[in-house]
Structure formats: structure tokens, C-alpha cells
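Just so you know, we're using this note's numbering here: the sequence shown kicks off at 56 and counts up by one.
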Amino acid sequence: MTEYFSSLKSPLIKAHWPWPKMDMQDVATRADNWELYMPNIGYITIDPDNSWKADLGEAANSKRLWLNSLVSAHASLEVATKTDEDSTRTMKAETAGRILKSYLDKHLHESTTFQGAWQDEHAVANRLFVIIAFLHASCGGADPSIYTTLSKYVPILRLLFEADKHAQWLNDDKHYIENNHGTMMDLALAQFAVFLKVIDPVTSDRYLATALRRLEKMLDSTFDDDGCCTENSPTYHFVNYGLFSTIEQFIQHYRLGNTDKWGAKLAKARYVGHLLLRPDGTIPLVGDSEIRPGTFFPKIEDESSIGGIGYYPSAGIFVASINNLHLTFRAGGSKFTHRHVDDLSFTLWVQGKEFIIDSGMYNYDTSDKLRRWFISSRAHSGIYLESAGHILFKNFESPMAMSEFTSERHDSEFFNIKAVHKLSKIEVNRELEYQCNTLTITDHFQSHQTEQWRVQFVLHPDVVISQVDQLANSLILRNGSTQIGLREINGRGKLEIEHTRYSPTFMKEIENRTICFHGEDTSVRLAFEITIGAPHGKT
């Protein structure tokens with residue numbers, strides 16, 4: 056039996072590499088000493104003789120995800136397959152095999168490191184990707200010496216057993232999550248189905264049918280009719296575009312089905328991606344986003360066609376990229392995935408500089424007090440009532456129950472967009488209108504009782520408040536050589552400047568400031584004017 060499998064040729068052209076960019080050589084070198092790599096976080100030393108004990112500290116859930124995903128084992132194997140040096144090939148294959156064997160032997164033990172190993176669908180999918188890479192390398196996908204080395208640690212029959220165990224778990228609809236994790240589950244399942252075809256065609260067909268059925272549904276669920284990702288985050292627009300593009304190519308290469316629908320949807324998603332992407336290569340930190348896309352995104356050939364206005368109520372975002380201005384405005388949507396309490400908040404980028412921002416995500420661990428602050432209304436540039444209290448998604452039937460767009464008009468030089476949020480029992484309305492280099496923001500609500508309200512403008516750390524007129528409730532804001540003016544027209548609020556936090560990338564925290572206008576009223580109509588360039592006649 057072993058001889059049969061050792062002569063088996065992998066039907067895969069290559070095994071899928073699901074990880075963000077990394078210094079693969081450094082990851083593989085440090086793995087020799089059990090320093091394991093976690094994307095976006097760094098390295099952590101585990102004790103292989105003590106159930107992978109490690110000091111997880113902050114963002115423990117994210118660290119568990121990556122440790123249970125076996126990133127370093129995959130990187131070590133990849134280095135082994137690509138090197139021309141026999142000694143390096145053997146050493147890195149030894150490291151890869153040793154890590155995988157240790158994990159498979161011990162991951163069912165009681166250990167804080169292994170918590171969620173079989174509950175986190177992302178980790179299960181990632182592990183199957185890694186095991187498939189080991190199978191591919193052992194079945195003619197790499198130098199024969201790698202098979203010899205790996206088989207000392209994880210014989211091919213064990214690899215097949217473990218792969219099928221993971222595939223059965225992923226194939227079960229009760230484990231399926233309808234977001235990008237589910238898409239990763241199906242890509243892993245489909246890849247294993249292709250590998251399995253020559254060994255067990257019946258099981259292969261069953262796995263492939265499940266994956267393709269769910270992927271077809273997820274393509275429509277992930278992108279709205281206009282191609283905007285429904286996961287509340289520019290970062291995840293690019294993540295999902297990359298995932299579905301990979302899957303489209305996979306289906307085409309192995310002739311698994313018709314992809315005409317995929318091509319049309321992804322063409323629209325490419326346009327939206329270029330609209331979300333600002334001219335300097337950054338993206339707004341809406342939802343769980345980082346300042347730059349973490350995945351490859353194709354350049355557009357005709358750069359003059361970049362820009363315009365996108366209105367995507369099903370995805371919960373309005374985007375304007377005109378006149379060297381980039382603005383986003385949030386309301387509603389169809390999913391809670393990667394969502395923050397950012398209803399009626401906006402971001403503003405002018406002439407290559409960020410001014411009004413979303414504070415970022417910090418990390419994914421909701422047990423972290425800082426994470427909870429970053430997703431709260433206090434971290435966003437919107438209008439909020441104190442009576443809303445602590446806002447929990449579970450208290451709303453859908454994102455549309457939290458807020459929604461009510462109207463939109465635009466042409467090439469103008470836009471007007473209105474939305475309402477219902478985070479408390481009171482409806483709060485916001486209108487944004489842009490024309491002639493002036494953005495006007497109008498907020499209003501009406502209540503039967505006195506409400507404490509606050510309007511926030513979260514500033515990028517590079518923004519300097521160069522002039523404040525407390526009596527006129529106006530400020531001049533500068534970022535480099537670019538300046539804007541901000542003033543509250545009606546004089547209804549008390550102006551204060553608060554110290555807050557900004558997180559442009561995972562686990563990075565920078566001090567910044569928030570301009571806050573606040574007051575108490577039963578009803579109020581507020582108007583703010585942001586002028587681009589020399590504000591209010593001043594230079």
C-alpha cells in the first residue's frame with residue numbers, strides 16, 4: 056500500500072499558498088528552533104514537549120489561529136522544495152515534518168494553545184491547505200528526497216487520513232460560515248477533492264459538489280449586484296477579490312465548471328476596488344481594515360478612468376473619488392461580518408493627505424478592551440446619542456435595523472447622500488453634500504426627552520490644528536501643505552478636543568485627536584462646513 060502511494064503522482068500543478076507576504080527564509084530558519092511565525096503579529100516560541108505551551112499574551116485568539124494553522128511548517132516545506140542545496144532541502148524538510156508530526160500528535164491534548172483547534176473554521180481550512188502541500192510534495196510535486204525525509208515523520212497514509220478528517224469537517228454544512236472563512240473552507244475542500252480524484256473518485260465528487268455549491272452561493276453573497284464586497288471593510292474587499300479570483304482560475308484550470316458568471320462579477324469588483332483605493336495606494340480604515348491592501352490587486356490600464364462615485368446600499372457604503380478628494384460614508388449593509396459601530400460615520404482624504412478618519416481595528420480579539428473601543432462609536436467620525444448606551448450587534452435583527460441610506464444624488468462634480476441611524480430609540484439623520492470644494496454636513500434628531508449628543512471628527516495623527524476659534528466653533532486643519540477648514544455653522548455645540556487612538560495596522564496603536572462638538576437638547580439641527588483649501592477666506 057505504501058509503495059502504491061509513493062508512486063502516486065499528484066494531479067495538482069501546485070499546492071495553494073494561503074498566507075500573506077512573509078520572509079519565507081527567515082520563517083523557515085526560526086522554525087528550526089520552534090520559533091513559529093504568526094502573520095501580522097510576529098514570532099512566538101512554543102514548547103513542543105509541553106503541548107506547545109506558549110506565552111500568548113495580547114490578541115491570544117489571533118495567535119491561536121496562526122499556531123493552529125501551521126504556517127511555519129508550510130514555509131519550511133516551501134523552502135525545502137525551492138532550494139537547490141541538498142543540505143538545506145533535507146534540513147527544512149526535517150523541520151517541516153517535525154512540526155507537523157508534533158502538532159498532529161498533540162493538538163487534541165488539553166492546552167491553551169490548542170483551544171478552538173476544531174472550532175475555528177479558518178484554522179481547520181488552513182491546516183488542510185498545509186496537509187495538501189505535504190501530500191503534493193510527497194507525490195511527485197517536489198524532489199524525491201523530500202518524500203523520503205517527510206515519510207520519517209508523517210507517512211503518506213497518515214497525511215491522507217488527516218486530510219480526509221479535515222475534509223469531512225469542512226464538508227459538514229453545520230460548520231460552514233458565510234463569509235471569507237467559508238470561501239477558504241471551500242477552496243481547501245475543492246483542492247483536496249482534485250487530489251483525491253485518482254484515489255477515491257466517489258468521495259472526491261462528494262467533496263467537490265459541496266464546495267462548488269457553496270462557492271456559487273458565496274459569490275453572490277460576498278459581492279452585491281454592483282461588485283462591492285458586503286463584509287463592511289475595504290481590506291476584505293481586496294481579500295475576497297483575491298480569493299475568488301484564485302478560485303475562478305482553479306475551476307478553469309481543472310475544468311470543474313462554467314465561470315462566465317464569476318468573470319462578470321469579478322470585473323465589477325475590480326472597478327469597486329479601484330474606487331476604494333486612493334491615489335497614494337492607501338485605503339480608508341472602514342470596518343476591520345488596514346491602511347494598505349494585504350493582497351495583490353491588478354492595476355488598471357487607463358488610470359484616467361480611476362475615480363467617480365459609487366453608491367452601494369447593500370454593502371453599506373458610499374464612496375466618492377473626485378477632484379483629488381476621497382470620501383466614504385457608512386450606513387446599513389447586509390452583514391455584521393467585520394462591521395464596527397460606524398453608522399453615519401465618514402472619512403475624508405484630500406490631495407494626498409488624510410484628515411477625517413476611522414480609527415482602525417487594532418486586532419480581532421473582542422475580549423481585548425482596546426479592540427472593543429476601536430469598534431465602538433467613540434472611534435468613528437459620526438453623530439451619536441449617549442442614550443444608545445453600549446451597542447451590541449446581537450440586539451439588532453440586521454445591519455439595516457441599525458442604519459440605512461435614504462437617498463442619493465450625484466453628478467461628476469456634486470453629490471448629496473442622506474442616511475439615518477437607529478442606534479437608540481431616536482432616529483438620527485445625517486446628510487452630506489459636496490460641491491465647489493465645500494462639504495456640508497447636516498445632522499438632526501427630535502426626541503421627547505433631553506438627549507446628550509456628540510458629533511465627532513477623528514483626526515489623522517499627522518493633522519495639525521493650526522487655528523481654533525472657540526466663539527465661532529471653527530478650526531483650520533493642516534496636513535503637510537494641505538489645509539481644510541471646519542466650522543459648526545449654527546453654534547449649538549460645545550467644542551472640545553480629545554485625545555484618542557489610531558491603529559493603521561494590526562496591533563499598532565498611535566495617539567491622535569478627535570474634535571468633538573457636544574450638547575444636550577430634545578431636538579437639534581446641526582450644520583458643519585468643511586472647506587478645501589483656504590477656509591473661510593483665510594490662508
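Where is the CB? At the ideal position from N, CA and C, for every residue including glycine.
9 Å Cβ cutoff met for Met273 and Pro73: no
Is Glu441 buried or exposed, if buried means 16 or more other CB atoms sit within 10 Å of its CB? exposed
To which residues of the same chain is Gly592 closer than 7 Å at the C-beta, ignoring the five residues directly before and after it? Residue placement at Gly592 cannot be trusted, given a pLDDT of 44 that sits under 50; what the coordinates show is reported in the next sentence. Hits under 7 Å: none found.
Does Asp413 pass the burial test, meaning 16 or more other C-beta atoms within 10 Å, or should it be called exposed? buried
Pick out whichever of Leu298, Ala319, Thr277, Lys137 has its Cα sitting closest to the Cα of Arg389. Sequence inspection shows Ser at residue 389; the Arg mentioned does not correspond to that position. When each option's Cα is compared against that of Ser389, the closest is Thr277.
Given a cut-off of 9 Å, decide if Thr100 and Ala109 are closer than it, judged by their beta-carbon atoms. yes
Any chain D beta carbon closer than 9 Å to Ala172: The displayed structure is made up of one protein chain only, and chain D is not part of it.
Just grab the DSSP bridge partners of Gly363 for me. Ser376
Contact between the region 429 to 443 and the region 361 to 375 (3+ Cβ pairs under 8 Å): no
CA-CA distance, Gly574 and Ile496? 17 Å
Taking Ile585 as part of the beta strand (DSSP E), name the residues at either end of that continuous run. 565 to 587
Quick test of the definition: if touching needs 3 or more C-beta pairs under 8 Å, does the region 375 to 389 touch the region 333 to 341? yes
Please work out which residues of its chain come closer than 8 Å, Cβ to Cβ, to Leu159, disregarding the five sequence neighbours upstream and downstream, and give them in chain order. Val209, Arg213, Glu217
When DSSP labels each residue in this structure, what does Ser458 get in the three-state scheme? strand
Comparing C-alpha positions only, which one of Phe247, Pro368, Thr290, Phe460 sits nearest to Phe561? Thr290
Quick one: what's Arg310 bridged to in DSSP? Per DSSP, none; premise fails for Arg310.
Can you tell me which residues form a DSSP beta bridge with His292? Answer is none; His292 lacks a bridge partner.
In this structure, how does DSSP classify His129 when only helix, strand and coil are distinguished? helix
Does DSSP put Met239 in a helix, in a strand, or in coil? helix
Is it a yes or a no for the region 562 to 573 touching the region 483 to 494, going by three-plus beta-carbon pairs under 8 Å? no
Phe189 lies in the alpha helix (DSSP H); which residues open and close that run? 176 to 191
List the residues that DSSP assigns as beta-bridge partners of Ser529. Asp524, Arg542
Under the assumption that Ala266 contacts Asp241 (Cβ atoms under 8 Å), give the Cβ distance between them as a whole number of angstroms. 4 Å
Reduced DSSP secondary structure (H/G/I, E/B, other) of Glu345: coil
Would you kindly report the start and end of the unbroken alpha helix (DSSP H) that includes Met273? 256 to 277
Span separating the alpha-carbon of Met455 from that of His393: 15 Å
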